[in-house]
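Q:
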Amino acid sequence: MIRVMIVDDMEPIRRLYRKYIENTEDMTVAADVGSGAEAVKIAPEAKPDVILMDIEMETKDAGLRAMRELGGMGVDAKVIMLTVYEEDELIFTAFQLGACDYLMKNATEEEILKSIRDAANGESPLRPELATKILGELRRVRSYETSFLYAVNIVSSLTTTEMEILRLVMDGKSRKEICAARNVEMSTVKSQIHSLLRKFNRSSTEEVVELINEFHLQDLIPTLGA
51 MIRVMIVDDM EPIRRLYRKY IENTEDMTVA ADVGSGAEAV KIAPEAKPDV ILMDIEMETK
111 DAGLRAMREL GGMGVDAKVI MLTVYEEDEL IFTAFQLGAC DYLMKNATEE EILKSIRDAA
171 NGESPLRPEL ATKILGELRR VRSYETSFLY AVNIVSSLTT TEMEILRLVM DGKSRKEICA
231 ARNVEMSTVK SQIHSLLRKF NRSSTEEVVE LINEFHLQDL IPTLGA
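This is how it looks when you write it as structure tokens:
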């Protein structure tokens, strides 16, 4: 039997889904609750195989928060997100957190039961409309990562040490010269440069300098000794 937990703040929705599930021979309702907080409290005991999780309940992202907490608690259940509005960013975030599918709340009984069975069997397909949403959100994220605002935000978040490293890199200093200028070991410089690359999501210091120059942000990087 597939144990299903229903998490939705609308009691009529929970009652409808319970009816669908109880009319099958291979599923049972492990629990149904009306908030993300209740889901986090009940799921470890209910031990569901699949959770139908509303995204927006006590807060706009309550379902996502509950999903994150349950994952941290080691609750091993497949999560299908439920939504009224197809908000690409929220759906994309849900998949980043490990959701295996999402359904509109007005989905048919057949669609809901099929999604549950697919999730339980580890066979949730990447439907064309879902693939389109994920690819669209990836393009949006990538577009932001090449924007002026993105670059300014990263530069503003740099530590004093990272700023110093970036200034030396922009001045054309080699790693050996950076070691000498900062009087530190090569291993330390390598670690600091790695941290810098990770923040900028770039694979080389040349790419970082190119981004800074592209948006003319040189004045945001203090001159050493200034």
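If you use my numbering, the sequence shown corresponds to residues 51 to 276, in order. Built from N, CA and C at the ideal position, the CB exists for glycine as well.
Alpha carbon to alpha carbon, what distance is there between Gly121 and Thr143?
A: Using only the alpha carbons, I get a separation of about 14 Å.
Q: Buried or exposed, going by whether 16 or more other CB atoms sit within 10 Å of the CB of Ala276?
A: With a pLDDT of 44 at Ala276, under the threshold of 50, the modelled position of this residue cannot be trusted; read the value that follows with caution. When all chains shown are included, Ala276 counts as exposed.
Q: Would Ser165 pass as a contact of Ile130 if the rule is Cβ separation under 7 Å?
A: Closer than 7 Å, so yes.
Q: Any idea if Leu310 is buried or exposed, counting beta-carbon neighbours within 10 angstroms, 16 or more meaning buried?
A: This structure cannot settle anything about residue 310, because the visible part of the chain is limited to 51 through 276.
Q: Is the segment 103 to 115 close to the segment 72 to 80, with three or more CB pairs under 8 Å?
A: With the cut-off at 8 Å, the segment 103 to 115 and the segment 72 to 80 do not touch.
Q: Compute the Euclidean distance between the alpha carbons of Thr209 and Gln146, then round it to the nearest angstrom.
A: So the alpha carbons of these two residues sit roughly 28 Å apart.
Q: The beta strand (DSSP E) spanning Lys110 covers which residue range?
A: Counting along the chain, Lys110 falls outside any beta strand (DSSP E), and DSSP gives it neither H nor E.
Q: For the alpha helix (DSSP H) that Tyr67 lies in, which residues bound it at each end?
A: Segment Glu61 to Glu72, the alpha helix (DSSP H) holding Tyr67.
Q: Using the three-state DSSP reduction, which class does Asp168 fall into: helix, strand or coil?
A: In this structure, Asp168 counts as helix in the three-state DSSP scheme.
Q: Which residue wins for smallest C-alpha separation from Glu139, given the options Ser241, Arg167 and Ile105?
A: Looking at the Cα atoms, Ile105 is the closest of the given residues.
Q: What span of residues does the beta strand (DSSP E) with Arg225 cover, start to end?
A: Counting along the chain, Arg225 falls outside any beta strand (DSSP E), though it belongs to the alpha helix (DSSP H) covering Arg225 to Arg232.
Q: Is Leu267 helix, strand or coil when you go by DSSP?
A: Three-state DSSP puts Leu267 in coil, outside helix and strand.
Q: Just the C-alpha distance for Tyr152 and Ile215, rounded to the nearest angstrom, thanks.
A: Distance between the alpha carbons of Tyr152 and Ile215: 44 Å.
Q: With 16 as the cutoff for other CB atoms within 10 Å, does Val54 come out buried or exposed?
A: It counts as buried.
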